[in-house]
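In what follows, a structure is listed as structure tokens, so that the remarks can point back to it.
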Amino acid sequence: MNESDSTPNPPSDIANVDGPIPTHETRGRTMREDGERILVLEAGRAEKNYWADLWAYRELFFILAWRDIAVQYKQTVIGAAWAIVRPLLTMLIFTIIFGRLAKLPSEGSVPYPIMVMVGMLPWFLMSTILSQASSSLVQNHNLVSKVYFPRLIVPSASAVVAIIDFAVALLVLAGMFLFFGFLPDWRFIFLPLFVVFAFLTALGPALLLASLNVKYRDFRFILPFIVQFGLYVSPVGFSSSVVPAQWRLLYSANPAVAVIDGFRWCLLGGEAEIFWPGFGLGVGMAVLFLWLGISTFRATEKTFADII
Amino acid sequence: MADDVLIRAEGLGKKYVIGHESTERYTSMRDVIARSARSFGRAAKDLVTGKPIYQGDRLEDFWALRDVSFEIRRGDVVGIVGRNGAGKSTLLKVLSRITEPTEGRVVIKGRVASLLEVGTGFHPELTGRENIYLNGAVLGMPRAEVRRKFDEIVAFANVEKFLDTPVKRYSSGMYVRLAFAVAAHLEPEILVVDEVLAVGDAEFQKKCLGKMEDVASNGRTVLFVSHNMSAVSSLCKSGMLLSNGRLDFTGSAEKVIERYAQATVEEYDVSFAPDRNKPSITRVTIDRQELMKHNLKLVLEFETPEPLRTPIGGIILRAMNGEPVWGSNGRFHPRTSEANGALNGRLICEASNLPLHPGHYLVSVWLSDWHTDHDAKVDHLSIAIGDDWVNSTRPSTSVIGYLDWPATWESVAC
Chain A
1 MNESDSTPNP PSDIANVDGP IPTHETRGRT MREDGERILV LEAGRAEKNY
51 WADLWAYREL FFILAWRDIA VQYKQTVIGA AWAIVRPLLT MLIFTIIFGR
101 LAKLPSEGSV PYPIMVMVGM LPWFLMSTIL SQASSSLVQN HNLVSKVYFP
151 RLIVPSASAV VAIIDFAVAL LVLAGMFLFF GFLPDWRFIF LPLFVVFAFL
201 TALGPALLLA SLNVKYRDFR FILPFIVQFG LYVSPVGFSS SVVPAQWRLL
251 YSANPAVAVI DGFRWCLLGG EAEIFWPGFG LGVGMAVLFL WLGISTFRAT
301 EKTFADII
Chain B
1 MADDVLIRAE GLGKKYVIGH ESTERYTSMR DVIARSARSF GRAAKDLVTG
51 KPIYQGDRLE DFWALRDVSF EIRRGDVVGI VGRNGAGKST LLKVLSRITE
101 PTEGRVVIKG RVASLLEVGT GFHPELTGRE NIYLNGAVLG MPRAEVRRKF
151 DEIVAFANVE KFLDTPVKRY SSGMYVRLAF AVAAHLEPEI LVVDEVLAVG
201 DAEFQKKCLG KMEDVASNGR TVLFVSHNMS AVSSLCKSGM LLSNGRLDFT
251 GSAEKVIERY AQATVEEYDV SFAPDRNKPS ITRVTIDRQE LMKHNLKLVL
301 EFETPEPLRT PIGGIILRAM NGEPVWGSNG RFHPRTSEAN GALNGRLICE
351 ASNLPLHPGH YLVSVWLSDW HTDHDAKVDH LSIAIGDDWV NSTRPSTSVI
401 GYLDWPATWE SVAC
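Sequence lines, in order, name chains A and B. Numbering of the first sequence is given in our numbering, commencing with residue 1 and proceeding in unit increments. Numbering of the second sequence is given in our numbering, commencing with residue 1 and proceeding in unit increments.
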């Protein structure tokens with residue numbers, strides 16, 4: 001497809017209609033007529049081409065993600081430094097509290113700060129996605145109420161900002177690896193896979209909260225609580241192996257446990273073992289939340305412009 | 001449907017549910033508890049069933065659009081007119097897929113670009129250059145197309161020097177020019193435009209109207225909502241008049257404008273239910289006959305539970321784009337004080353020979369007790385000043401301003 005015949009605003013929910021629609025010339029430019037396709041707007045009509053539409057609007061997705069990143073780093077003095085300072089300080093505190101005061105064991109021979117930092121990375125990735133994405137629709141209400149696009153773009157694009165912060169924090173981890181003289185083994189090639197897993201794990205609840213937030217603004221008060229609570233419930237400051245065996249499976253119902261265990265398995269050079277039944281349960285929960293998030297979002301999406 | 005019909009709407013309706021707080025004369029603890037329990041119960045039920053929560057304890061259906069059917073053919077330039085709240089914006093929102101109709105259906109053939117606001121998605125922290133790409137993407141222009149038209153857009157907006165300045169440092173004129181420039185370079189088959197020309201300076205407005213005329217004369221289909229009747233009559237061939245969510249009239253642009261002017265007559269007399277707890281305005285009337293002669297005679301009736309020591313009224317005349325044009329109140333203009341201490345009363349405002357251009361204006365009134373404001377009714381009345389306001393030789397007030405001060409022109413040959 002060359003530039004001149006790309007149609008950026010393709011109609012979704014396309015139905016076939018009898019008889020061809022003649023193509024026509026507009027200002028010397030041929031508009032692509034998409035064959036015999038027309039757009040029907042009707043109450044409760046399921047949008048068959050939703051996912052195709054989402055793909056057609058990918059440029060908007062990239063530009064919104066870019067905007068969020070550009071804006072985040074534009075007028076901040078510390079900017080990227082914030083992405084370093086926050087996990088670093090939290091890591092320090094957790095090392096002192098859980099490692100020194102409570103004397104909890106690390107994973108094998110891994111230095112405690114590294115174990116905490118490796119758990120901290122996915123945790124901050126997920127919590128940032130959760131808070132960015134869940135408030136994104138309300139923040140972009142001017143877009144939502146004035147233009148059409150698949151609304152799923154807004155929370156997903158704002159979640160991308162979290163990945164940038166994550167990349168910065170990853171550099172900090174690399175620095176710590178050098179400082180402690182500890183190196184991950186071959187397993188670290190699976191890291192991208194676990195980053196995607198963390199992203200999707202957070203996106204499910206984030207979409208759920210985002211759509212609820214449009215309707216009931218009090219969900220924004222609940223969110224900081226969830227994040228705060230989750231930080232201590234999830235094995236961020238300690239290893240999940242300290243959880244008693246009989247409670248281990250129940251504990252794994254929190255999908256963040258699977259994500260953090262996965263990160264430790266992949267970055268701690270074979271010192272951390274994965275509790276597979278628990279990991280399976282965590283993945284299942286993550287998928288369930290993702291499905292719940294997307295279906296709630298899709299069901300309420302059409303009313304966003306009316307109630308935002 | 002016929003080949004050249006691009007949009008066909010059949011029995012289109014859009015319903016909103018609005019909540020009311022019922023007013024009770026006496027409030028008792030028991031009532032309050034019972035009522036909040038009731039509304040909490042309903043909220044909880046709505047939460048579970050996934051319905052939005054409404055404030056208030058009585059719900060009412062409000063049809064912003066009802067039973068609207070029309071066909072728009074390729075190359076039509078249609079002006080949509082109607083009073084505030086007539087359903088124009090709702091119609092545009094439905095057509096641009098922002099919101100879903102409650103009943104009926106629309107069939108659209110071709111690519112729709114909607115321009116319901118200039119600068120949608122503009123971010124103050126980003127530079128002009130960045131915002132051009134951002135806004136282009138929001139309006140559905142691919143990057144490649146924006147890049148191709150970039151210079152044209154910048155030239156149209158006349159902001160070359162400030163391309164790399166964050167738009168928060170732009171003057172409001174520059175901001176609007178840039179925003180409109182992006183939108184003006186969209187090339188959809190169907191263009192849906194809400195009142196966006198009521199911004200910017202007169203020269204730029206002319207440029208925008210010129211651009212719109214270009215679009216229209218190129219065989220593009222345009223739907224254009226405006227309060228600016230001269231823009232409607234110069235741009236549009238046909239029109240639709242909406243009132244109270246229904247399609248009142250369709251026809252040529254001139255006919256629709258005429259009809260719109262007649263339909264406005266109703267809003268010279270508005271009554272309001274009194275609020276028992278505080279002083280309130282109960283009725284406002286304006287003498288239509290006097291207005292034709294540019295004289296304003298307004299009567300504001302009020303009711304109050306406690307006597308007002310010094311009842312004072314105020315009036316603000318606003319142009320259709322919301323800009324205040326003239327105002328007066330009893331604090332700084334002469335008043336009499338016969339209603340002091342009364343529970344019911346009238347405040348009568350008279351102003352003769354208002355030097356305003358003929359046209360439509362919105363009237364807001366308020367009531368206060370000396371410096372304590374009690375009640376305000378904003379834009380509830382819509383009036384037409386003068387009797388020759390649909391006069392094609394006069395530019396619209398949004399172009400020429402509102403003050404009508406007679407001048408003479410001598411023509412001298414040298």
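Using N, Cα and C, we set each Cβ at its ideal position, and we do this for glycine too. Predicted model only: the values in this text are computed from it and were never measured.
Item, Value
"By the criterion of Cβ-Cβ separation under 7 Å, what are the contact partners of Ala426/B in chain A?", "It is not possible to answer for residue 426/B, since the shown part of chain B is limited to 1 through 414."
"Check whether the Cβ of Pro101/B lies closer than 8 Å to any Cβ atom in chain A.", "yes"
"Taking only three categories from DSSP, how would you classify Glu195/B?", "coil"
"In the DSSP assignment, what are the bridge partners of Val17/B?", "Asp61/B"
"Just to confirm my understanding: we take Ile307/A, look at its own chain, exclude 5 residues before and 5 after, and list those with CB closer than 8 Å. What are they?", "Val214 and Lys215"
"Establish whether the CB of Gly85/B and some CB of chain A are separated by less than 8 Å.", "no"
"Tell me the DSSP bridge mates of Phe70/B?", "Ala9/B"
"Please name the residue in Ser156/A, Tyr50/A and Pro105/A whose C-alpha comes closest to that of Trp66/A.", "Ser156/A"
"What are the boundary residues of the beta strand (DSSP E) that includes Asn329/B?", "Pro324 to Asn329"
"For Thr221/B, list the residues DSSP reports as bridge partners.", "Ile190/B"
"Near Gly35/A, which residues of its chain fall below 7 Å by C-beta distance, leaving aside the five closest residues on each side in sequence?", "Reliability of the predicted coordinates at Gly35/A is poor, the pLDDT of 42 falling under 50, and the value obtained from them is presented with this limitation in mind. Excluding residues within five positions, none has a Cβ falling inside 7 Å."
"Residue range of the alpha helix (DSSP H) that Val135/B falls in?", "Correcting the residue type first, residue 135/B is Asn in the shown sequence and not Val. Gly128 to Leu139 is the span of the alpha helix (DSSP H), which, as asked, contains Asn135/B."
"Answer yes if the segment 99-108 of chain A comes into contact with the segment 257-273 of chain A, meaning at least three C-beta pairs across the two stretches below 8 Å, and no otherwise.", "yes"
"Between the segment 132-144 of chain A and chain B, which residues of the former have a C-beta closer than 7 Å to a C-beta of the latter?", "Asn142 and Leu143"
"So the candidates are Gly327/B, Pro188/B and Glu60/B; which of them puts its Cα closest to the Cα of Arg74/B?", "Pro188/B"
"So Ala133/A packs on Leu183/A, CB below 8 Å; how close in whole Å?", "Contact doesn't hold; Cβ gap of about 34 Å is too wide."
"Where does Phe249/B fall in DSSP's three states?", "strand"
"Just curious, the beta strand (DSSP E) that Arg346/B is in, first and last residue?", "Asn344 to Ala351"
"Can you name the start and end residues of the alpha helix (DSSP H) that Val196/A belongs to?", "Leu191 to Lys215"
"Considering only the alpha carbon of each residue, which of Asp165/A, Phe188/A and Lys146/A lies closest to Ile69/A?", "Asp165/A"
"Pop quiz: Asp76/B and Thr221/B are said to be a contact at Cβ under 8 Å. What is the actual Cβ separation, rounded to whole angstroms?", "6 Å"
"Check the C-beta distance from Val107/B over to Met240/B and give it rounded, since I have them as a contact under 8 Å.", "That belief does not hold up - the Cβ atoms of Val107/B and Met240/B are roughly 17 Å apart, past 8 Å."
"How many whole angstroms separate the CB atoms of Ala253/B and Lys237/B, which I take to be in contact at a CB cut-off of 8 Å?", "6 Å"
"Check this for me: beta carbons of Cys349/B and Ile316/B, under 8 Å apart or not?", "no"
"Quick check on the DSSP output: the alpha helix (DSSP H) that includes Arg147/B runs from which residue to which?", "Arg143 to Ala157"
"Could you tell me the alpha carbon to alpha carbon distance between Pro358/B and Asp379/B, rounded to whole angstroms?", "18 Å"
"Which value, in whole angstroms, describes the spacing of the CA atoms of Pro205/A and Pro87/A?", "22 Å"
"Could you pull the DSSP bridge partners for His360/B from this structure?", "Ala384/B"
"Could you tell me if Trp247/A is buried or exposed, where buried requires 16 or more neighbouring beta carbons within 10 angstroms of its beta carbon?", "exposed"
"Going by the beta-carbon positions, is the gap between Asn218/B and Ala86/B smaller than 8 Å?", "no"
"Look up Leu242/B in the DSSP assignment and say whether it is helix, strand or coil.", "strand"
"Classify Gly293/A as buried or exposed, calling it buried when 16 or more other Cβ atoms lie within 10 Å of its own Cβ.", "buried"
"Closest to Leu130/A by C-alpha separation, out of Phe219/A, Tyr57/A and Val172/A, would be which residue?", "Phe219/A"
"Just how far apart, CA to CA, sit Val172/A and Ile38/A?", "53 Å"
"For Glu160/B, which residues in the same chain have their Cβ closer than 7 Å to its Cβ, ignoring the five residues on either side in sequence?", "Val154"
"Are Val192/B and Leu95/B closer than 8 Å when you measure CB to CB?", "yes"
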